[in-house]
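>
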Amino acid sequence: MPICWPTSSEHSDRWSSASSRASSVNGFIFISAPPSVTPFHIDRENNCWLQLHGRKTMNVWENTDRAVVPADAVEDFIVTHSQRGVRFKEEFRPRSHQFETRAGDAVYFPSTSPHMTSSGAGWTTPGDGVSISIGVTFYTTVTRKVARVHQFNRLMRKLGLTPTYPGQSKALDTIKAPLGALIGAGRSMLSKAIAPLRHLRMAVRTPPGSY
Ligand SMILES: [Fe+2]
């Protein structure tokens, strides 16, 4: 039975906008033997996840739920890849969409939606105890724009300000996004400039958050 998670209007816009085309599409396959757990985390990409074999429980939270992941933690993750501020608490569970997936079920969740998976061994039989799923991840122009707003907001927050979250003000987002892109480009240029000095492989890579 396919699962269609009704998305917020923001994400419906993402799907319907002709200017918001998918890019950087990647696919991953996950094979696990129950019991297994994928810890609570967020991703930068949008994610279409499909259960191919076996069963898995997936909990997904709204990416607009700041009680679950605070704004500064999302910004930190977007810019530095740090999940330091992304921490599961049992009290969060009732706020999630919980899907008991079987083969053929699919779940879509947008960028920075907190999620985790678990599988128990109750359904397994001798010789058939493997859970197989695939995830297809991608960015859109909207995803990248939101990330640039996060990039700008992080700087504002470090200056002691409390910036509006992406989506709260379209007008402000329109101003912030190109400035966030400039900040990201500046970080990228600086990182490359100092790479020879550091002799570090990591330094020559484009830093996280530079879209
Ligand atoms: Fe994930």
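By the count of my numbering, the sequence shown reaches residue 202 at its end, each step adding exactly one.
Ideal Cβ placement from N, Cα and C applies to all residues, glycine included.
Bear in mind that the values here come from a model prediction, so they are computed numbers and not experimental data.
Check the DSSP bridge columns for phenylalanine 129 and list the partner residues they point to.
If you number the sequence shown from 1, residue 129 lands on position 138. In DSSP, phenylalanine 129 forms a bridge with Asn37.
> Looking only at C-alpha atoms, which of Arg139, Ala112, Thr153 and Phe100 sits nearest to threonine 128?
By one-based count along the sequence shown, residue 128 stands at place 137. Looking at the Cα atoms, Phe100 is the closest of the given residues.
> What are the residues that DSSP puts in a beta bridge with glutamine 89?
The sequence position of residue 89 within the sequence shown is 98, counting from 1. Answer by DSSP bridge pairing, in chain order: Asn50.
> Near ligand 1, which residues have their beta-carbon less than 6 Å from any of its heavy atoms, given in chain order?
The filter returns His32, Asp34 and His106, in chain order.
> Heavy atom of ligand 3 less than 7 Å from the Cβ of valine 77, yes or no?
As for ligand 3, it is missing from this structure, which binds only ligand 1.
> Please say whether isoleucine 125 and glycine 18 have beta carbons closer to each other than 8 Å?
As a position in the sequence shown, residue 18 is number 27, starting the count at 1. As a position in the sequence shown, residue 125 is number 134, starting the count at 1. It is a contact, given that the beta carbons lie within the stated cut-off.
> Select from His72, His141, Gly113 and Trp52 the residue whose C-alpha is nearest the C-alpha of glycine 45.
To locate residue 45, count along the sequence shown from 1; it is residue 54. Comparing Cα positions, the closest option is Gly113.
> Consult DSSP for serine 10 and reduce its assignment to one of helix, strand or coil.
Here residue 10 refers to the residue found at position 19 of the sequence shown. In this prediction, serine 10 has a pLDDT of 49, which is less than 50 and means its spatial position is unreliable; what the coordinates show is noted afterwards. Serine 10 falls in the coil class under three-state DSSP.
> Hey, would you say serine 87 sits closer than 8 Å to asparagine 37, going by beta carbons?
Indexing the sequence shown from 1 puts residue 87 at position 96. Indexing the sequence shown from 1 puts residue 37 at position 46. No.
> DSSP state of threonine 55, grouped into three classes?
Numbered from its first residue, the sequence shown carries residue 55 at position 64. In this structure, threonine 55 counts as coil in the three-state DSSP scheme.
> When the Cα atoms are used, what is the spatial distance from alanine 58 to glycine 118?
On the sequence shown, position 67 is the one that residue 58 refers to. On the sequence shown, position 127 is the one that residue 118 refers to. Rounded to whole angstroms, alanine 58 to glycine 118 spans 43 Å at the Cα level.
> Could you give the DSSP three-state label for valine 28: helix, strand or coil?
Working through the sequence shown from its first residue, we reach residue 28 at position 37. It is a strand residue.
> Would leucine 173 pass as an interface residue toward chain B - the criterion being a Cβ-Cβ separation below 8 Å?
The question asks about chain B, but that chain is absent: this structure has only one protein chain.
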